[in-house]
Amino acid sequence: MASKKPIQSLRITNIIRVCNQHHHSMQRFVEAVVTEGKPIRLDDPFILHLSQRICNVTERIETICQSNNAFPADLPDRSYRAYLWLRFLSQPEWLWQHLSTLADLIQIFRQEKKKHKQKKTALQIYIENARYLFRSTLVNKTCQLHISEGFIAADSEINISLIQTLFIKNKDDLFKIRQFNHSEAYKHIMQTLCRYTEQSSLSTKGHLYDLKRIFQRVNRQYFRNSMQPPRLIWSSRVALRRLGYYHPDTDTVTISRALDCQSVPLYVLEYVMYHELLHKKLGLKMVNSRRMAHTRQFKRLEKKFIQYQLAEKFIENIHADGKTTHLLM
328 MASKKPIQSL RITNIIRVCN QHHHSMQRFV EAVVTEGKPI RLDDPFILHL
378 SQRICNVTER IETICQSNNA FPADLPDRSY RAYLWLRFLS QPEWLWQHLS
428 TLADLIQIFR QEKKKHKQKK TALQIYIENA RYLFRSTLVN KTCQLHISEG
478 FIAADSEINI SLIQTLFIKN KDDLFKIRQF NHSEAYKHIM QTLCRYTEQS
528 SLSTKGHLYD LKRIFQRVNR QYFRNSMQPP RLIWSSRVAL RRLGYYHPDT
578 DTVTISRALD CQSVPLYVLE YVMYHELLHK KLGLKMVNSR RMAHTRQFKR
628 LEKKFIQYQL AEKFIENIHA DGKTTHLLM
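This is the structure:
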C-alpha cells in the first residue's frame, strides 16, 4: 500500500529557525537578569523589542497564509505549533510568565549543578509548544532541557524535578512531572496556547479523499453534527504503524497518508476518523488509578460504527504478517 505526497502544501521557511533565535535571546537576557538579581519587568527595553519582533513574525505568517488563500492551521504540524507558540507569546502576560519560568529554572540549575559537581556544565532551555512533555539530555558538558509551554504554570517544586532529570532521573520526579501534566493549570495554558484557528481544504485534501468531507459525514451520521471540527491533517509520512491519532493539546486528528489511495475503501477512513473523534469526545478516563483511552465505554461505542467488522478486518489484513501493531491510537 502506498500513497504519494500530498498534492498541495503550504510551507513557510525559517519559522523554526526564528523560534530558536528567540529561545536563545530570551535565555541570554534572563541569565543576565538572574545574575544581577533584578526582577523581570515588562517595560524593560529588551522585552518591549522582543514583544514587537514576535508580533511582527506572527503577523507576517498570517499575511503569507492569507495571500495563499490559506490559514496557519494549513502549515505542516511543526510550523503550525511554532506559529501558535509565537501567537501565545505575543500576549504580554504570557511572555512575562514564560520569562519568569525561565528565570526560575536557571536559578535552580545553578544551585543543582553545584550539588552534582557539574560546575562547568552549560544549559540551554527550550520552553516550547512541543508534542512531548519534556526531554532532558547532557552531552559534552551541555545540558539541554526541552519542556512543554504548559510548565509555565508550574511552581518551583515541579521546576526542581525538571532540572533534576538533567542529572539523574528518579521515579518521584518523573511522577510529579507527569501528574502536573494532568493538572487544570497545565491544561489551561495548553488550551489557551492551542485555541482553535480556521483551516482550508489546502491541508485536508489528499489525492483521493478529503478529510473535511469525511469528518462531516462521520459527524452527521454518528454525532448528530454536535462535534466541533478539530484540525484535520494527513500524516507527513506513509505510516502503517499508526493509521490515526488524536492529539488533544492542539485538537488535531492526523490520518495516515497510507489510506489515501484507491485500494482503501471509504468506510475504512470513516472508521479511523470515527475512532479518533471518539477520543476527542471521551478523553481519558481514570480506571483503577490509571488513565485509559480505550475503556469499556469507548469499545462499546466503537462497535456502533455500521461497518465495524469490515473495517477491522481490512485493517488486520494491511499487515497480515503481524509486524505492524497499534494501528489506531
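Using the numbering used here, read the sequence shown as starting at 328 and increasing by one per residue. Note that the Cβ used here is the ideal one computed from N, Cα and C, for glycine as well. This one's a predicted model, so the numbers in the text were calculated from it and none came from an experiment.
Test item: CB-CB of residue i and residue j under 7 Å
i, j, result
"residue 460", "residue 483", "no"
"residue 433", "residue 511", "no"
"residue 541", "residue 596", "yes"
"residue 342", "residue 406", "yes"
"residue 606", "residue 573", "yes"
Whole-angstrom distance between residue j and residue i, CA atom to CA atom
i, j, result
"residue 552", "residue 565", "30 Å"
"residue 594", "residue 638", "7 Å"
"residue 546", "residue 633", "14 Å"
"residue 457", "residue 579", "13 Å"
"residue 602", "residue 368", "47 Å"
"residue 435", "residue 377", "25 Å"
"residue 290", "residue 506", "Past the edges of the chain, shown from 328 to 656, lies residue 290, and the structure says nothing about it."
"residue 500", "residue 419", "31 Å"
"residue 631", "residue 599", "13 Å"
"residue 351", "residue 450", "11 Å"
"residue 570", "residue 585", "8 Å"
"residue 468", "residue 361", "21 Å"
"residue 629", "residue 583", "19 Å"
"residue 442", "residue 409", "35 Å"
"residue 529", "residue 397", "7 Å"
"residue 422", "residue 415", "8 Å"
"residue 502", "residue 491", "13 Å"
"residue 497", "residue 562", "34 Å"
"residue 504", "residue 535", "43 Å"
Contact set for residue i: own chain, Cβ-Cβ below 8 Å, skip 5 residues either direction
i, result
"residue 353", "377, 425, 426 and 429"
"residue 446", "440"
"residue 521", "411, 456, 576, 577 and 578"
"residue 329", "Any reading at residue 329 must be qualified, since the residue scores a pLDDT of 49, below 50, and its modelled position is unreliable; the value itself is stated next. So the qualifying residues of the chain are 565, 585 and 588."
Beta-carbon proximity list for residue i, same chain, < 6 Å, skipping 5 on both sides
i, result
"residue 477", "513, 516 and 517"
Quick one: any contact between the segment 514 to 524 and the segment 483 to 498, if contact means 3 or more CB pairs under 8 Å? Here the segment 514 to 524 does not lie against the segment 483 to 498, with fewer than 3 beta-carbon pairs under 8 Å apart.
For the 8 Å Cβ check, are there 3 or more pairs between the segment 517 to 526 and the segment 384 to 393? They do not touch, by the three-pair rule.
Could you tell me which whole alpha helix (DSSP H) segments of length 4 or greater appear in the segment 390 to 471? DSSP runs (the alpha helix (DSSP H)) wholly in the segment 390 to 471: 404 to 416 and 419 to 442.
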